[in-house]
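As structure tokens, the structure follows; a few thoughts come after it.
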Amino acid sequence: MEIRAINALAALRAVLLAPGAERDREFVQQVMEPTRPLWETALQRMGAPTDTSGAVWEAARRLCFYTPDRGPERALEALGRLEAAGAWEQNLSDLRRASEALAPAAHGVNLPALHFAFVLADPDRMMPGTALYTGATAGPGWAMLLAWPTDYNLPRLSAVSVHELHHQVRFGYEPLFPDLSLGKYLVAEGLAEAFAAELCGEVRLGPWATTLTPADLEPLKPRYRAALQASDFNEVRGYIFGDLEETGAWGVPKLGLPPYAGYAVGYRMVRAYLERSGRSAVEATYLPWQEIVQGSGYLD
Numbered sequence: 001m002e003i004r005a006i007n008a009l010a011a012l013r014a015v016l017l018a019p020g021a022e023r024d025r026e027f028v029q030q031v032m033e034p035t036r037p038l039w040e041t042a043l044q045r046m047g048a049p050t051d052t053s054g055a056v057w058e059a060a061r062r063l064c065f066y067t068p069d070r071g072p073e074r075a076l077e078a079l080g081r082l083e084a085a086g087a088w089e090q091n092l093s094d095l096r097r098a099s100e101a102l103a104p105a106a107h108g109v110n111l112p113a114l115h116f117a118f119v120l121a122d123p124d125r126m127m128p129g130t131a132l133y134t135g136a137t138a139g140p141g142w143a144m145l146l147a148w149p150t151d152y153n154l155p156r157l158s159a160v161s162v163h164e165l166h167h168q169v170r171f172g173y174e175p176l177f178p179d180l181s182l183g184k185y186l187v188a189e190g191l192a193e194a195f196a197a198e199l200c201g202e203v204r205l206g207p208w209a210t211t212l213t214p215a216d217l218e219p220l221k222p223r224y225r226a227a228l229q230a231s232d233f234n235e236v237r238g239y240i241f242g243d244l245e246e247t248g249a250w251g252v253p254k255l256g257l258p259p260y261a262g263y264a265v266g267y268r269m270v271r272a273y274l275e276r277s278g279r280s281a282v283e284a285t286y287l288p289w290q291e292i293v294q295g296s297g298y299l300d
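Per UniProt numbering, the sequence shown starts with residue 1, numbered consecutively.
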């Protein structure tokens, strides 16, 4: 899979070093336009208009992009920290390793080039529980890493990028839509995390799949087992994301579940399958979700 890099970090640096009166225009041209397929898709999913003059700024706000009005000083410091850590280069290196390991074309999965953008996040807008970094995909060929550097997330950033690349491959093999189910979504998230652990090391996984312990998850298993065939998108997202403070604004119902419970359930389920079967996460990527759920025994 070809990786086409969009270095929105370098673009933002140029924006912030431009004269103040030019920064908004330069931000739109250098950061927002190259990433348009990412944020337009996100706005559409949120039900927000994408064809208005304010859509660019609405997208930047909702997606927590760092914008020029937030001030240049701390952003330039954060960009310098990412540069010193080699974060951009590490992400590209791990994405290329991930693509080679998954070898989608060899498994009959033909994908377009992956446009990958690394965007500086606004730390004041990021959701609690994200550790100031997250990833996203926007249909075939587009993925993003959004981060504000911290001691915790700097070593873990590329594992999120690898997770998002895995989604591209997995959904090329077994699309999430139109036949959505909670079981399919759980397996997709679990496989993406298991593959990131396989490629980058489990220590580099983020909080989403690892904060809840096996003991925390045990009482949740009956609920997930009963809902495996759930197909309503908002309900399914409720099981995946759990009860987040911001869920109401994103159309996700609160189901009385811990934050990101579905990520943890999916990861533990896939790990159980891999341990039982002796297969790798790469091999399991090209198996139907039902086989993984049943073979894991996790929800039995």
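We treat Cβ as the ideally placed atom computed from N, Cα and C, and that holds for glycine.
Taking all protein chains shown into account, decide if residue i is buried (16 or more other Cβ within 10 angstroms of its Cβ) or exposed.
i	result
residue 146	buried
residue 247	Residue placement at residue 247 is poorly supported in this model, since its pLDDT is 46, which falls under 50; the coordinates are not used for a value here.
residue 9	buried
residue 184	buried
residue 231	exposed
residue 140	exposed
residue 110	exposed
residue 104	buried
residue 260	buried
residue 229	exposed
residue 122	buried
Along the chain, where does the alpha helix (DSSP H) containing residue i start, and where does it finish?
i	result
residue 262	261-277
residue 281	281-285
residue 195	182-200
residue 27	23-27
residue 224	221-226
residue 173	157-173
residue 216	214-217
residue 91	87-102
residue 83	72-84
residue 293	289-296
residue 210	207-210
From this set, the options, which residue's C-alpha is nearest residue i's C-alpha?
i	options	result
residue 291	174, 128, 160	174
residue 68	93, 235, 20, 104	20
residue 281	153, 41, 190	190
residue 236	1, 83, 24, 179	179
residue 38	24, 55, 277, 23	55
residue 198	285, 2, 104, 168	285
residue 224	210, 211, 242	242
residue 89	273, 275, 155, 202	155
Is the CB of residue i under 8 Å away from at least one CB in chain B?
i	result
residue 215	As a matter of chain content, chain B is missing from the structure shown, which is built from one protein chain.
So, for residue i: in the same chain, excluding its five sequence neighbours on each side, which residues have a beta-carbon less than 6 Å away from its beta-carbon?
i	result
residue 161	91, 95, 145
residue 166	192, 195
residue 270	190, 191, 194
Is DSSP giving residue i helix, strand or coil here?
i	result
residue 148	coil
residue 367	Outside the displayed range of the chain (1 to 300) lies residue 367, so it cannot be described from this structure.
residue 242	coil
residue 4	strand
residue 109	coil
residue 60	helix
residue 65	strand
residue 143	strand
residue 125	coil
residue 236	helix
residue 231	coil
residue 35	coil
residue 299	coil
For the beta strand (DSSP E) containing residue i, list its first residue and its last residue.
i	result
residue 133	133-137
residue 117	114-120
Please return the same chain residues whose Cβ sits closer than 7 Å to the Cβ of residue i, not counting the five positions on each side in sequence.
i	result
residue 268	214, 217, 298
residue 207	129, 131
Spatial neighbours of residue i within its chain, please: CB distance less than 8 Å, with the 5 preceding and 5 following residues excluded, ordered by chain position.
i	result
residue 18	26
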